[in-house]
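Remarks on the structure that follows.
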Amino acid sequence: MNEEKTYEHLLSVQNLHTSFFTDNGEVQAVNGVSFNLDAGKVLGIVGESGSGKSVTAYSIMQILADTGKITDGSVYYKGTNIAKWGEREMRSFRGKCCSIIFQDPMTSLNPVFTVGNQIEEGIKLHTDLRGRAAQARALEMLRLVGINEPEKRLKQYPYELSGGMRQRVMIAMALACEPDVLIADEPTTALDVTIQAQILELMQSLQKKMGMAIIMVTHDLGVIAEMCDEIIVMYGGRICERGTADEIFYNPHHEYTKGLLRSIPDINNMKERLVPISGTPINMLNMPKGCAFCPRCDAAMKICLEAVPEEITINEYHKASCWVNVRENMKNGEGAAEK
Numbered sequence: 000m001n002e003e004k005t006y007e008h009l010l011s012v013q014n015l016h017t018s019f020f021t022d023n024g025e026v027q028a029v030n031g032v033s034f035n036l037d038a039g040k041v042l043g044i045v046g047e048s049g050s051g052k053s054v055t056a057y058s059i060m061q062i063l064a065d066t067g068k069i070t071d072g073s074v075y076y077k078g079t080n081i082a083k084w085g086e087r088e089m090r091s092f093r094g095k096c097c098s099i100i101f102q103d104p105m106t107s108l109n110p111v112f113t114v115g116n117q118i119e120e121g122i123k124l125h126t127d128l129r130g131r132a133a134q135a136r137a138l139e140m141l142r143l144v145g146i147n148e149p150e151k152r153l154k155q156y157p158y159e160l161s162g163g164m165r166q167r168v169m170i171a172m173a174l175a176c177e178p179d180v181l182i183a184d185e186p187t188t189a190l191d192v193t194i195q196a197q198i199l200e201l202m203q204s205l206q207k208k209m210g211m212a213i214i215m216v217t218h219d220l221g222v223i224a225e226m227c228d229e230i231i232v233m234y235g236g237r238i239c240e241r242g243t244a245d246e247i248f249y250n251p252h253h254e255y256t257k258g259l260l261r262s263i264p265d266i267n268n269m270k271e272r273l274v275p276i277s278g279t280p281i282n283m284l285n286m287p288k289g290c291a292f293c294p295r296c297d298a299a300m301k302i303c304l305e306a307v308p309e310e311i312t313i314n315e316y317h318k319a320s321c322w323v324n325v326r327e328n329m330k331n332g333e334g335a336a337e338k
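Quick note on numbering that gives the first Met the number 0: the sequence shown kicks off at 0 and runs consecutively.
Structure representation (structure tokens):
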């Protein structure tokens, strides 16, 4: 008899706040982030370094540095708030229910253990497979991710593999226990363009085959253009815009999103100069009172300095947090947009 479904979303993050407590003060790396993820869907989280996207992912799995702490909010997995779980409960959650692929496979894999040992470790921890059965499962995963001569690779060490092969090993490790949620934290950053395309194509194929949900964390909008059902754009620890890929790419409503899009090369017009975002990344120890992007925004108004914009609805598939939208709505006689 199947277990009755009693939850609305597979994963639901609500008003998440995560801080790092340093000698110089509290750094609010994630400041009120909320989103939902359903089974079989792909969510992209985009933003520059320091925007809070990776910390959001690490908060879900509770793998923060010693100075980091979830200070408020909830993380619901199948209706249960796992933000309140202790280390023992989270240990069974990681790998079995939710896995993560880190951006640098060379530093994520242990150099003194063979590839086979490292894949089998998770299999033995979260399943009843042992000995030859665990080894057979590891071999099956290497075949699944397209590694050639998998029997040979099981006995090799990470330094004996290329960057693309190491990343495939990381994917094999993450998927060995068939998790419901896969978090990919910049999985193609250390790879060349050709291998990047192969890895993304592989993840799409495995996602369709296994039916898992994926959270793709990246700084590159172009990487996830065709992969995500929904895209979240983050800046300064907050979500500034969210929507479908078409809405974000062809109908952006936050000045930061527009800046990101202007910095992407257009293959159809390679002579066009790229327009960088002016200014420097925000100092998280000295956050502005209002909009975090205000100091770098060419369209900033007085209210941007004084108040954080609320998230307003652009349409059914699109929301943004920008005072410029409120001004445009007032000009058009629509008043404040729907929250």
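Heads up, the beta-carbon is just placed ideally off N, CA and C, and yes, glycines get one too.
If you're wondering where the values come from, they're calculated on a predicted model, not measured in any experiment.
Residue i classed as buried or exposed, judged by whether at least 16 other C-beta atoms fall within 10 angstroms
| i | result |
| --- | --- |
| Pro280 | exposed |
| Arg241 | buried |
| Thr17 | buried |
| Lys301 | exposed |
| Glu30 | Note on residue identity: the sequence assigns Asn, not Glu, to residue 30. Classification for Asn30: buried. |
| Ile311 | buried |
| Gly72 | buried |
| Glu309 | exposed |
| Gly163 | buried |
| Pro264 | exposed |
| Glu229 | buried |
| Val232 | buried |
| Thr256 | buried |
| Lys338 | Its pLDDT being 49, under 50, Lys338 is placed unreliably by the model, and the measurement read from it follows with that caveat. Exposed, because fewer than 16 other Cβ atoms sit within 10 Å of the Cβ of Lys338. |
| Val192 | exposed |
| Met140 | buried |
| Asn1 | Because the pLDDT at Asn1 is just 48, under 50, the model does not fix this residue reliably, and the point stays unresolved. |
| Gly130 | exposed |
| Ala64 | exposed |
Anticipated Cβ contact below 8 angstroms, residue i with residue j, distance rounded
| i | j | result |
| --- | --- | --- |
| Val341 | Ile81 | For residue 341 there is no data in the structure shown, the boundaries of the chain being 0 and 338. |
| Pro186 | Ile100 | 5 angstroms |
| Lys77 | Leu9 | 7 angstroms |
| Val26 | Leu284 | 6 angstroms |
| Glu315 | Gly289 | Not quite, the Cβ-Cβ distance comes to about 28 angstroms (not below 8 angstroms), so this is no contact. |
| Ala319 | His253 | 5 angstroms |
| Gln134 | Glu119 | 6 angstroms |
| Gln117 | Thr188 | Not confirmed; about 21 angstroms, so no contact. |
| Gly39 | Tyr234 | No, Gly39 and Tyr234 are not in contact; Cβ-Cβ is about 28 angstroms, not under 8 angstroms. |
| Glu124 | Pro157 | The sequence shown places Leu at residue 124, not Glu. No, Leu124 and Pro157 are not in contact; Cβ-Cβ is about 20 angstroms, not under 8 angstroms. |
| Asn250 | His317 | 7 angstroms |
| Asn35 | Ser11 | 5 angstroms |
Span of the beta strand (DSSP E) around residue i
| i | result |
| --- | --- |
| Glu229 | Glu229 to Tyr234 |
| Cys239 | Arg237 to Gly242 |
| Ser73 | Gly67 to Tyr76 |
| Ala224 | Segment: none, Ala224 is in no beta strand (DSSP E) and carries neither H nor E. |
| Gly24 | Gly24 to Leu36 |
| Met164 | Looking at the DSSP string, Met164 is not in any beta strand (DSSP E); the run it does join, the alpha helix (DSSP H), is Gly162 to Leu174. |
| Leu42 | Val41 to Val45 |
| Val111 | Here Val111 belongs to no beta strand (DSSP E), and DSSP marks it neither H nor E. |
Chain-order list of residues whose beta-carbon lies under 7 angstroms from that of residue i (same chain, five-residue window excluded)
| i | result |
| --- | --- |
| Thr21 | Thr66 |
| Glu227 | It should be noted that the sequence gives Cys, not Glu, for residue 227. If we look at Cys227 and ignore the five residues flanking it on each side, its Cβ neighbours are Val41, Leu42, Gly43, Met215 and Ala244. |
| Arg136 | Ile122, Leu128 and Ala175 |
| Gln206 | Val41 and Ile213 |
| Met211 | Pro178, Asp179, Val180 and Leu181 |
Contact set for residue i: own chain, Cβ-Cβ below 8 angstroms, skip 5 residues either direction
| i | result |
| --- | --- |
| Ser262 | Leu273, Val274, Pro275 and Ile276 |
| Leu201 | Val144, Gly145, Arg167 and Ile170 |
| Phe340 | There is simply no residue 340 to check, as the chain begins at 0 and stops at 338 in what is shown. |
| Gly24 | Leu284 |
| Ala336 | Note that Ala336 scores 46 on pLDDT, short of 50, meaning its location in the model is unreliable; the coordinates nonetheless yield the value given after this. Cβ within range, chain order: Ile311, Thr312, Ile313, Asn324, Val325 and Asn328. |
| Met89 | Met60, Gln61 and Ile81 |
| Pro294 | Gly278, Ile281 and Pro287 |
Range covered by the alpha helix (DSSP H) that runs through residue i
| i | result |
| --- | --- |
| Glu88 | Glu86 to Phe92 |
| Leu260 | Glu254 to Arg261 |
| Ala135 | Gly130 to Leu143 |
| Asn314 | That residue, Asn314, is in no alpha helix (DSSP H); its beta strand (DSSP E) goes Ile311 to Asn314. |
| Leu199 | Val192 to Met209 |
| Ala291 | It is not in any alpha helix (DSSP H) - Ala291 carries neither H nor E in the DSSP assignment. |
| Val60 | According to the sequence provided, residue 60 is Met. The question's Val does not apply to it. Taken as a continuous stretch (DSSP letters only), the alpha helix (DSSP H) holding Met60 covers Lys52 to Met60. |
| His317 | Note, His317: premise wrong, no alpha helix (DSSP H); beta strand (DSSP E) at His317 to Ala319. |
| His125 | Val114 to His125 |
| Met105 | Pro104 to Ser107 |
| Leu153 | Pro149 to Leu153 |
| Cys303 | Lys301 to Glu305 |
Sequence-distant residues of the same chain with beta carbon closer than 6 angstroms to residue i, five excluded per side
| i | result |
| --- | --- |
| Val323 | Ala298 |
| Gln197 | none |
| Thr55 | Val29 and Val32 |
| Met388 | There is simply no residue 388 to check, as the chain begins at 0 and stops at 338 in what is shown. |
| Phe292 | Tyr234 and Tyr255 |
| Thr70 | His16 and Ser18 |
| Cys239 | Val232, His253, Tyr255 and Ser320 |
CB contact check: residue i to chain B, cutoff 8 angstroms
| i | result |
| --- | --- |
| Arg90 | Structure shown: chain B not included; a single protein chain is present. |
Near the ligand NAP: residue i beta-carbon under 7 angstroms from a heavy atom
| i | result |
| --- | --- |
| Phe292 | Absence of the ligand NAP is noted for the structure shown, with no ligands found whatsoever. |
Inter-stretch contact at 8 angstroms, needing at least 3 Cβ pairs: the region 136-154 / the region 109-116: yes
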